[in-house]
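In case it helps, mature numbering (1 follows the signal peptide of the UniProt record, and there is no 0) puts the sequence shown at residues -39 to -1, 1 to 623.
Backbone N, C-alpha and C define an ideal beta-carbon position, used for all residues, glycine too.
It should be emphasised that the depicted structure is a prediction, and the values quoted were computed from it without experimental measurement.
Everything below concerns the one structure shown next.
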Amino acid sequence: MKITHPSPATRRPRFFRQGVLSALAFLLLLLPSSPASYAQGGDGQAPWPPSENGAPDESSPEAETSVNYEVTIDGFAPGEADLETLLRDSSRLIGLQDEPPTTEAGVRRRARDDVERFQQALRSEGFYDAKVSFEIVAPEANAANTSQAPPDDATGDTAAPGTRAGGPLQVRFTVDPGTVYLLARVNISYAPAIPESRAGIPRTAEQIGLDLGMRARAPEIQAAERRLLTQLENHGYPDANVRDRQAVIDRSATTMRVDWQVDPGPYTEFGEVQLSGLKTVEPKYVRSYRTWQTGETFDQRKIEEMRGELLETGLFDSIQIDRGDAAPDGQTPIQMTLEERAHRSIGFGARYSTSIGPSGTAFWEHRNYLGQDEDLRLELDAGLVEQSFTTTGRKPRWNRDDQDLLANFELRHKDSDSFEEYAAETGLAVEREFNDLWTGQLGGSIEALQTTDNEGTREFILYGVPSSLIRDSRDNPLNPTEGSRLSLDFTPYLSTVEAFQPFAKTSLGGSTYYSFDEEDRFVLAGRARVGTLVGAETEQVPASKRFYAGGGGSVRGFPYEEVGPLDEDDDPLGGRSLVELGLELRIKITDSIGIVPFLDAGQVYDTVYPDFSVDEPLRYGAGLGLRYYTAIGPVRFDVAVPLNKRDNDNDFEIYISLGQAF
């Protein structure tokens, strides 16, 4: 197989090659270069010796002429693409092809340098008998100037520039990787010795991620050394270090043996947690995140876990954790220096849509109300259609580390084309995080309602048992670019006062996001939601508990809550079942500006389940949105039109808010 580099346009960026070469040079320092480290039959060549040819390149930005060239690499068998890529990325000729030298001698020096680089790269992959040679072929017009050179050739430094009328010089490398060397033995010794009874101490190749018989690759051996020290750090030896390492190759057997001599340092146990820097957060709350007991074997993973969980609370700007001086019994105190962040905040927000007009939000929040990360939030929401005052509270780690206690109280008034309602609601719930993806919630609520709709003015007392199950893998709630969210909500109600009527409301919704590129310039987003209400006829259910569709968070292009059954005045009645669909392509034009073409669909039905009848077809809305991306999320400006509008629908709708539509 061949690798040819005819033009700069097809090559990797120079900075990428330089990064690869720097990493390669570091890997080559892994093993000693002393000939004494080789087994019988060695040639005295170090396994991965660093090399840098410091000879001048004779390239000058002021030169009037330059010697252009092309590079070809031959000798690899099919299936060795990884080796081909490695040599290409380590080649100085290819990396500097945009800066050609002024003489053929400069090309030759680069080629000789590449011979050494190629041998280094191949040795790092386990090919210790690799042979590399090159030849430089003049253009056809001057083909007699062909010259060959083995790896150690030192001639040609004073050669005059060749005739280049026929095109660039051809630099042809021939590579014979030879036999790959395999890992035959791994020895790990500790001085002072670690008792055999200590758990988790690596003593074999497999315990540090190496398999005997594998290719003797430098990167994998170096990674194994890191794993060796990490495992010691996680099993009571945080001060362990490698005192010496030897890599010995046997050329007759084409194998390698690696010996590590490790100084484990003193055995360490967890001591008491010592805190400093706290102002309003209670020390016992910080200590509740500790995942170890005093006297346990030291484990660095538990330190990092505690730091990460404390930072996720949002209570601290920084957390520094150090080990103090060990006591005579070997216990080491854990010293934590914490810097609290501001716990109080106020905020404001605004929204607008054509059908409901402007609305605004103001809130005050305290994120450490009682000193243990309790969250208290007061929020006022005011608009032309709906006004509300809400108080919510959260008590984290309630009875369990993965469980929160939630409380809420709300007063609200709503006057829409559907109904007018005054309501007071209070509730308690327990939220549990099952793992990184799944969260569940179960609670109880009481609502007092006074509702005026087509059935007249009625009063209700509703007792509910709301529950939910959520799976969320989105990368950002306000502007997701990957992942998905699935939610199932189920609430049985018991209605009293004017009628004793039980009913239950269920909805299942999901959204998913797919980015077409690493920069998230093109993101496809889709959503779906279905709902059903069972146990009562539509008119027996309070108007605020029925399903509605239409508006900025539903079917854009149709007025707020007006998709579905209408009365004789074209006012929405709501229904007992719902279906909603949405699809949009989020396109970033710049880092702060984007456009979003979208298509929505949905319908509300008076039946328990969507029947997709001809009389109530899906309503479709389409449009184009503008996004302005900020640090707190995108500002959304959407214009939508109904594709199958009714006589009472507007020609278009406008929506302005913070955050994506879904």
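> Between which two residues does the beta strand (DSSP E) containing D450 stretch?
Replying inline: Taking the first residue of the sequence shown as position 1, residue 450 is located at position 489. It spans 444 to 458 - the beta strand (DSSP E) in which D450 sits, taken as one unbroken run.
> Tell me which same chain residues have a C-beta within less than 6 angstroms of the C-beta of Q131, skipping the five on either side of it?
Replying inline: Here residue 131 refers to the residue found at position 170 when the sequence shown is read from its first residue. Residues of the same chain with a CB within less than 6 angstroms of the CB of Q131, apart from the 5 flanking positions on each side, are E31, V98 in chain order.
> So, is T241 buried or exposed, given that buried needs 16 or more other C-beta atoms within 10 angstroms?
Replying inline: Indexing the sequence shown from 1 puts residue 241 at position 280. Taking every protein chain shown into account, the CB of T241 has fewer than 16 other CB atoms within 10 angstroms, so this residue is exposed.
>> With distance defined between alpha-carbon atoms, name the residue in E545, G584, G518 nearest to T473.
In response: Counting from 1 along the sequence shown, the entry for residue 473 is found at position 512. When C-alpha distances from T473 are compared across E545, G584, G518, the shortest belongs to E545.
> Which of the three DSSP states, helix, strand or coil, is assigned to R358?
Replying inline: Here residue 358 is taken as the residue at index 397 of the sequence shown, counted from 1. Reduced to three states, the DSSP call for R358 is coil.
> Which whole-angstrom value is the C-beta distance of R580 and V524, which I expect to be below 8 angstroms?
Replying inline: In the sequence shown, the residue the question calls residue 580 occupies position 619. In the sequence shown, the residue the question calls residue 524 occupies position 563. 5 angstroms between Cβ atoms; contact.
>> Here's the rule: buried if 16 or more other CB atoms are within 10 angstroms of the residue's CB, otherwise exposed. What is R49?
In response: The residue you call residue 49 lines up with position 88 of the sequence shown. The residue in question, R49, is buried, as its Cβ has 16 or more Cβ neighbours within 10 Å.
> Any idea what DSSP makes of G170, helix, strand or coil?
Replying inline: Locating residue 170 in the sequence shown gives position 209, counting from the first residue. Coil, per DSSP.
>> In whole angstroms, give me the CA-to-CA distance for R446 and D478.
In response: On the sequence shown, residue 446 is found 485 positions in, with the first residue counted as 1. On the sequence shown, residue 478 is found 517 positions in, with the first residue counted as 1. R446 and D478 have their C-alpha atoms spaced approximately 21 angstroms apart.
> If you draw a straight line from the alpha carbon of P595 to that of D561, how long is it in whole angstroms?
Replying inline: Walking along the sequence shown from the start, residue 595 turns up at place 634. Walking along the sequence shown from the start, residue 561 turns up at place 600. The C-alpha of P595 lies about 20 angstroms from the C-alpha of D561.
>> Let's test the definition: count the other Cβ atoms within 10 Å of the Cβ of L331 and tell me whether it reaches 16, buried, or not, exposed.
In response: By 1-based counting over the sequence shown, the position of residue 331 is 370. L331 is exposed by the Cβ-count criterion.
> Is I55 helix, strand or coil when you go by DSSP?
Replying inline: Indexing the sequence shown from 1 puts residue 55 at position 94. Helix, per DSSP.
> What three-state label does DSSP hand D74 in the structure shown?
Replying inline: Counting from one through the sequence shown, the residue named residue 74 turns up at place 113. The answer is helix: DSSP assigns D74 an H, G or I state.
> Closest by CA to G291, which one among T255, F309, A179, A504?
Replying inline: For the purposes of this step, residue 291 is identified with residue 330 of the sequence shown, where counting begins at 1. For G291, the nearest C-alpha among the options comes from T255.
> Which runs of the beta strand (DSSP E), 3 residues or longer, sit entirely within the region 447 to 525?
Replying inline: The region 447 to 525 contains these whole beta strand (DSSP E) runs: 462 to 476, 483 to 495.
> Three-state secondary structure (DSSP) at T591?
Replying inline: The residue labelled residue 591 in the question sits at position 630 within the sequence shown. In this structure, T591 counts as strand in the three-state DSSP scheme.
> What are the start and end residues of the beta strand (DSSP E) that includes T33?
Replying inline: On the sequence shown, residue 33 is found 72 positions in, with the first residue counted as 1. Per DSSP, T33 is one residue of the beta strand (DSSP E) stretching across 30 to 35.
>> Let me confirm a value: residue 662 is counted as buried when at least 16 other C-beta atoms fall within 10 Å, else exposed. Which label applies?
In response: The shown model of the chain, from -39 to 623, leaves out residue 662, and the question about it has no answer.
> Going straight from the alpha carbon of G417 to that of V600, what length do you get?
Replying inline: The sequence position of residue 417 within the sequence shown is 456, counting from 1. The sequence position of residue 600 within the sequence shown is 639, counting from 1. In a straight line, the C-alpha of G417 is about 36 angstroms away from that of V600.
> Okay, do the region 351 to 362 and the region 376 to 384 touch, 3+ Cβ pairs below 8 angstroms being the bar?
Replying inline: With fewer than three CB-CB distances shorter than 8 angstroms, the region 351 to 362 does not count as touching the region 376 to 384.
> Which residue comes first and which comes last in the alpha helix (DSSP H) that contains Q261?
Replying inline: As a first step, residue 261 is located in the sequence shown; it is residue number 300 there, counting from the start. For Q261, the enclosing alpha helix (DSSP H) covers residues 261 to 273.
>> Only counting the same chain, and skipping five residues up and downstream in sequence, which positions put a Cβ closer than 8 angstroms to that of R176?
In response: The sequence position of residue 176 within the sequence shown is 215, counting from 1. The answer, listed in chain order, is E86, G87, V141, Y142, L143, L144.
> How would you call D530, buried or exposed, if buried means at least 16 neighbouring beta carbons within 10 angstroms?
Replying inline: For the purposes of this step, residue 530 is taken as residue 569 along the sequence shown, with counting starting at 1. So D530 ends up on the exposed side.
> What's the gap between the Cα of S320 and the Cα of G308?
Replying inline: Start at 1 with the first residue of the sequence shown, and residue 320 comes out as number 359. Start at 1 with the first residue of the sequence shown, and residue 308 comes out as number 347. Taking the CA atoms as reference points, S320 sits about 14 angstroms from G308.
>> Going by the DSSP bridge assignment, what does V391 pair with across the sheet?
In response: Walking along the sequence shown from the start, residue 391 turns up at place 430. Checking the DSSP bridge columns, you'll see V391 partnered with L366, L403.
>> By the DSSP assignment, the beta strand (DSSP E) with A614 in it spans what residues?
In response: Start at 1 with the first residue of the sequence shown, and residue 614 comes out as number 653. The amino acid at residue 614 is misidentified as Ala; the sequence shows Glu. Per DSSP, E614 belongs to the beta strand (DSSP E) from 614 to 619.
>> For D608 and D532, what's the separation of their Cα atoms in angstroms?
In response: To locate residue 608, count along the sequence shown from 1; it is residue 647. To locate residue 532, count along the sequence shown from 1; it is residue 571. In a straight line, the C-alpha of D608 is about 13 angstroms away from that of D532.
> Straight-line CA distance for G492 to L469?
Replying inline: Translated into positions along the sequence shown, residue 492 becomes position 531. Translated into positions along the sequence shown, residue 469 becomes position 508. In a straight line, the C-alpha of G492 is about 6 angstroms away from that of L469.
> Quick one, are the C-beta atoms of G563 and E541 less than 9 angstroms apart?
Replying inline: Counted from its first residue, the sequence shown places residue 563 at position 602. Counted from its first residue, the sequence shown places residue 541 at position 580. Yes, the Cβ-Cβ distance between G563 and E541 is below 9 angstroms.
> Going by DSSP, what residues sit across from L44 in a beta bridge?
Replying inline: Here residue 44 corresponds to residue number 83 of the sequence shown, with the count starting at 1. The beta-bridge partner set that DSSP reports for L44 is empty.
>> Give me, in chain order, the residues of the same chain whose beta-carbon lies closer than 6 angstroms to that of L47; leave out the 5 immediate sequence neighbours on both sides.
In response: Translated into positions along the sequence shown, residue 47 becomes position 86. So the list reads A82, once near-sequence residues are dropped.
> Secondary structure at residue 649, three-state DSSP: helix, strand or coil?
Replying inline: Beyond the ends of the chain as shown, which are -39 and 623, falls residue 649; an answer cannot be given.
>> Can you tell me whether E186 is helix, strand or coil according to DSSP?
In response: Translated into positions along the sequence shown, residue 186 becomes position 225. Correct three-state label for E186: helix.
>> Just verifying my parser: in three-state terms, what is the DSSP assignment at D50?
In response: On the sequence shown, position 89 is the one that residue 50 refers to. In the three-state scheme derived from DSSP, where H, G and I count as helix and E and B as strand, D50 is classed as helix.
>> So, for G425: in the same chain, excluding its five sequence neighbours on each side, which residues have a beta-carbon less than 6 angstroms away from its beta-carbon?
In response: The residue given as residue 425 occupies position 464 in the sequence shown. Around G425: S406, T452, Y454.
> Residue range of the beta strand (DSSP E) that Y228 falls in?
Replying inline: The residue labelled residue 228 in the question sits at position 267 within the sequence shown. It is not in any beta strand (DSSP E) - Y228 carries neither H nor E in the DSSP assignment.
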